[in-house]
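Working notes, structure below.
2 protein chains.
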Amino acid sequence: MDRILEVDAANLTLFAEAGAVTAKISQAAEDAGLFYPPDPGSMKISTIGGNVAENSGGLRGLKYGVTRDYVMGLEVVLASGEVLFTGNKCVKDVAGYSLRDIFIGSEGTLGIITRVLLKLVPKPAARRTLLAIYDRMEDAAETVSAIIAAKIIPCTLEFLDTLTINCVEDFAHVGLPRHAAAVLLMETDGHPAAVDHEAGIMAELARKYGATSVQVAETAEQAAALATARRSAFSALARVAPTTILEDATVPRSELAKMIRFIQDTSQKYALKIGTFGHMGDGNLHPTFLTNERNHEEMARVEQAMKEIFNHAVSLGGTITGEHGVGVAKKKFLKDALGELNVSVMRKMKAAFDPQGILNPGKIFNP
Amino acid sequence: MDRILEVDAANLTLFAEAGAVTAKISQAAEDAGLFYPPDPGSMKISTIGGNVAENSGGLRGLKYGVTRDYVMGLEVVLASGEVLFTGNKCVKDVAGYSLRDIFIGSEGTLGIITRVLLKLVPKPAARRTLLAIYDRMEDAAETVSAIIAAKIIPCTLEFLDTLTINCVEDFAHVGLPRHAAAVLLMETDGHPAAVDHEAGIMAELARKYGATSVQVAETAEQAAALATARRSAFSALARVAPTTILEDATVPRSELAKMIRFIQDTSQKYALKIGTFGHMGDGNLHPTFLTNERNHEEMARVEQAMKEIFNHAVSLGGTITGEHGVGVAKKKFLKDALGELNVSVMRKMKAAFDPQGILNPGKIFNP
Numbered sequence: 001m002d003r004i005l006e007v008d009a010a011n012l013t014l015f016a017e018a019g020a021v022t023a024k025i026s027q028a029a030e031d032a033g034l035f036y037p038p039d040p041g042s043m044k045i046s047t048i049g050g051n052v053a054e055n056s057g058g059l060r061g062l063k064y065g066v067t068r069d070y071v072m073g074l075e076v077v078l079a080s081g082e083v084l085f086t087g088n089k090c091v092k093d094v095a096g097y098s099l100r101d102i103f104i105g106s107e108g109t110l111g112i113i114t115r116v117l118l119k120l121v122p123k124p125a126a127r128r129t130l131l132a133i134y135d136r137m138e139d140a141a142e143t144v145s146a147i148i149a150a151k152i153i154p155c156t157l158e159f160l161d162t163l164t165i166n167c168v169e170d171f172a173h174v175g176l177p178r179h180a181a182a183v184l185l186m187e188t189d190g191h192p193a194a195v196d197h198e199a200g201i202m203a204e205l206a207r208k209y210g211a212t213s214v215q216v217a218e219t220a221e222q223a224a225a226l227a228t229a230r231r232s233a234f235s236a237l238a239r240v241a242p243t244t245i246l247e248d249a250t251v252p253r254s255e256l257a258k259m260i261r262f263i264q265d266t267s268q269k270y271a272l273k274i275g276t277f278g279h280m281g282d283g284n285l286h287p288t289f290l291t292n293e294r295n296h297e298e299m300a301r302v303e304q305a306m307k308e309i310f311n312h313a314v315s316l317g318g319t320i321t322g323e324h325g326v327g328v329a330k331k332k333f334l335k336d337a338l339g340e341l342n343v344s345v346m347r348k349m350k351a352a353f354d355p356q357g358i359l360n361p362g363k364i365f366n367p
Numbered sequence: 001m002d003r004i005l006e007v008d009a010a011n012l013t014l015f016a017e018a019g020a021v022t023a024k025i026s027q028a029a030e031d032a033g034l035f036y037p038p039d040p041g042s043m044k045i046s047t048i049g050g051n052v053a054e055n056s057g058g059l060r061g062l063k064y065g066v067t068r069d070y071v072m073g074l075e076v077v078l079a080s081g082e083v084l085f086t087g088n089k090c091v092k093d094v095a096g097y098s099l100r101d102i103f104i105g106s107e108g109t110l111g112i113i114t115r116v117l118l119k120l121v122p123k124p125a126a127r128r129t130l131l132a133i134y135d136r137m138e139d140a141a142e143t144v145s146a147i148i149a150a151k152i153i154p155c156t157l158e159f160l161d162t163l164t165i166n167c168v169e170d171f172a173h174v175g176l177p178r179h180a181a182a183v184l185l186m187e188t189d190g191h192p193a194a195v196d197h198e199a200g201i202m203a204e205l206a207r208k209y210g211a212t213s214v215q216v217a218e219t220a221e222q223a224a225a226l227a228t229a230r231r232s233a234f235s236a237l238a239r240v241a242p243t244t245i246l247e248d249a250t251v252p253r254s255e256l257a258k259m260i261r262f263i264q265d266t267s268q269k270y271a272l273k274i275g276t277f278g279h280m281g282d283g284n285l286h287p288t289f290l291t292n293e294r295n296h297e298e299m300a301r302v303e304q305a306m307k308e309i310f311n312h313a314v315s316l317g318g319t320i321t322g323e324h325g326v327g328v329a330k331k332k333f334l335k336d337a338l339g340e341l342n343v344s345v346m347r348k349m350k351a352a353f354d355p356q357g358i359l360n361p362g363k364i365f366n367p
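Chains as they are written, first to last, in the numbering used here: chain W, 1 to 367; chain A, 1 to 367.
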């Protein structure tokens, strides 16, 4: 079930079986001169069916949105065993409820996705990559705000904190300054003239808001080298400690600096190693706990710190998970994050779609 | 309940009560240098709550999507009387099912929307408007395909057929040639350099694919004059006959020429006046029946023609409604269009959200 069944260039769609790996879908789109924007970190190993079930995000959320924004149709096996197809190649369709949107992000608890009809867009003609280095994390956050205020929506605005920078440097030796408080990897794409103009403004704003250094990639190779810093963040962190817990707290963009600061303070308070990186453009942070699951005393502190981080994200108008889903690990936070009423409505939906509780039982809620 | 409660420029959001008129929302966004893209034809009189309940479209669907793509949060009164808030200002959020997406487009049958949190985007810095005139409708459709194939996604690609052109000319005297088979109103927006470049290519492609005349607006006034032709289409058609029935058949873009031709053939077959205009970029056509509801014999032919048009749209992979919804008028077509299984799943949702059937009863399905 991993075949790409059709690329329809006239209608800008791609039809695939659920088991097709996302990177293969990206490549098939690119081979047709088109673009499938969602790029979850896992895209080399995750499947498109899984991406739809989790409503996966990625680095391009601010400009291009998430998986949901690219799903036009789904084939789904219902709890009854019946096979339902919802959606079509129409850009607009309001005939009845959007069943498609109900299955997206439902983590396999309402039906089993077997085929996916995706929307593609034209491949951007140009792309520019910039890397800015900061002595103060708040300066990076202010640069992001200033770029948005300048009416520029870059395709990526990625952040790394000091601990992540040092782990990346140990791992990939890309020449990042170890004392830096923050690195911002920025990318703009689109029409060549627009991209040149926007990259110029972004570099200027980064300097204005305190970047100690701004590099603009002149070639695709240079751009790839700059991107390595961000792309290797998780691998670099993962090799430092026996257990790596990658978290997913997300806040409105305006609250980012507060949230990052809170994570840093919490890390000190509980004497924990937390490396934070993430998607600064869309407020989606990945505080990553470097710990050891055999150390029960430390794990208790990790649990407590995590709880405080999620509570703080929610208190800032954020969410306990921006792109990783609830699954088993975050069930216990769901009611506090969403409120009792929302969870009870979700349970009614679960009961309507899966009255016997046979679909991915125990995920999102307890049975 | 018509107040705009907040425009948050840092997070690119707007929060409003459901009764706020959509044009007022657009204006509030523009006053902040931002842009709310959905522009349903009714936007001067329709409210944002209604737009969300119908998942309204508009002229900019191809590039900017529809209302669903701009809803970040909703306050909804449930059938139980409880007030639920779903969503937040986060670009990414996958904590549980997307209740927000369930209420969007549900036509008031699952809950009553009372407040809406909308996503805004930066206002495009430039816009260019073009008007192309064709002797053959198929040439207009081929121009649209060629523009997409050239990797250009214009913000509008609007089509008028001969009958609509003549009604517009009688009404607004904008100087359209009465013998023309099709008029294409095209608009591209974005970075000034990109817009100039794209407008040039679009004009070139229109000529290459048979346009007898291509006008490019040089000023905002000229652009507004060209847009008048399209904006006045419905009013121009509505004054010709005692009864105007505006329909909403939608097909994948590649099937547009076939669909328009079928509508024209059906109009001849049943000796009916049908003016067709619509959104050629997103496949959303508005065949408009000019008739008289007191003429029962003619109305029987209208009914039959409409049924054949919907069946044909569905057989081409399309839908019975692109942006107007099901309501009462299209209930009878729903099962044939979607299949029995999809409708039965929708009914289960209705039962889960509104067990007593008190929310907008009789809409979408019979009680």
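By construction, the Cβ of each residue, glycine as well, lies at the ideal position given by its N, Cα and C atoms. Computed from a predicted structure; not experimentally measured.
Check                                                                                                                            : Outcome
Residue range of the unbroken alpha helix (DSSP H) whose run includes residue 304 of chain A                                     : 296–315
Inter-stretch contact at 8 Å, needing at least 3 Cβ pairs: the region 57–72 of chain W / the region 29–42 of chain W             : yes
Per-residue DSSP class, three states only, for residue 126 of chain A                                                            : strand
Any C-beta of chain W under 8 Å from that of residue 45 of chain A                                                               : no
Whole-angstrom distance between residue 8 of chain W and residue 151 of chain A, CA atom to CA atom                              : 14 Å
Short CB-CB distance (under 8 Å) between residue 92 of chain A and chain W                                                       : yes
Cβ neighbours of residue 44 of chain A in the same chain (closer than 6 Å, five flanking residues each side left out)            : 23
Distance between residue 275 of chain W and residue 47 of chain W (C-alpha atoms, nearest Å)                                     : 27 Å
Where residue 250 of chain A meets chain W, residues with beta-carbon distance less than 7 Å                                     : 90, 92 and 93
8 Å Cβ cutoff, residue 284 of chain W in contact with chain A                                                                    : yes
Own chain, CB closer than 7 Å to residue 71 of chain A, minus 5 neighbours either side, in chain order                           : 52, 100, 104, 116 and 118
The region 293–311 of chain A / the region 258–277 of chain A touching (three or more Cβ pairs under 8 Å)                        : yes
When A:54, A:269, A:88 and A:305 are compared against residue 94 of chain W, the one with the closest alpha-carbon               : A:54
Alpha-carbon to alpha-carbon, residue 287 of chain W and residue 249 of chain W                                                  : 7 Å
CB-CB length for residue 28 of chain A against residue 1 of chain A, believed under 8 Å                                          : Actually they do not touch by this definition, with Cβ atoms about 16 Å apart.
Test: residue 321 of chain A CB closer than 8 Å to a CB of chain W                                                               : yes
8 Å Cβ cutoff, residue 209 of chain W in contact with chain A                                                                    : no
Neighbour flag for residue 49 of chain W against chain A, beta carbons, 8 Å                                                      : no
Identity of the residue in A:283, A:325, A:342 and A:316 nearest residue 76 of chain W by Cα                                     : A:342
Boundaries (first-last residue) of the beta strand (DSSP E) holding residue 245 of chain A                                       : 243–246
Residue 31 of chain W (DSSP reduced to helix, strand or coil)                                                                    : helix
Start-to-end residues for the alpha helix (DSSP H) that takes in residue 289 of chain W                                          : Per DSSP, residue 289 of chain W belongs to no alpha helix (DSSP H); it is in the beta strand (DSSP E), 284–291.
Limits of the unbroken alpha helix (DSSP H) element including residue 197 of chain W                                             : 192–208
Spatial neighbours of residue 12 of chain W in its chain, beta-carbon cut-off 7 Å, leaving aside the 5 residues before and after : 34, 119, 120 and 121
Secondary structure of residue 49 of chain A, DSSP reduced to three states                                                       : helix
Nearest neighbour of residue 229 of chain W, chosen from W:166, W:147 and W:153 [CA to CA]                                       : W:166
Inter-stretch contact at 8 Å, needing at least 3 Cβ pairs: the region 126–134 of chain A / the region 168–185 of chain A         : yes
Cα-Cα separation, residue 170 of chain A to residue 236 of chain A                                                               : 8 Å
is_contact[residue 62 of chain W, chain A] using C-beta, thresh 8 Å                                                              : yes
Members of the region 105–116 of chain A near chain W, C-beta cut-off 7 Å                                                        : 105 and 106
Residues that residue 54 of chain W contacts on chain A, provided the C-beta gap is smaller than 8 Å                             : 94
Amino acids of chain A, ordered along the chain, whose beta-carbon sits closer than 7 Å to that of residue 145 of chain W        : 10
Euclidean distance between Cα positions of residue 346 of chain A and residue 336 of chain A                                     : 14 Å
Residue 112 of chain A to residue 365 of chain A span [Cα, whole Å]                                                              : 17 Å
Same chain only: Cβ atoms within 6 Å of residue 139 of chain W, ignoring 5 sequence neighbours per side                          : 209 and 210
Buried or exposed by the 16-neighbour rule on C-beta atoms within 10 Å, applied to residue 285 of chain A                        : buried
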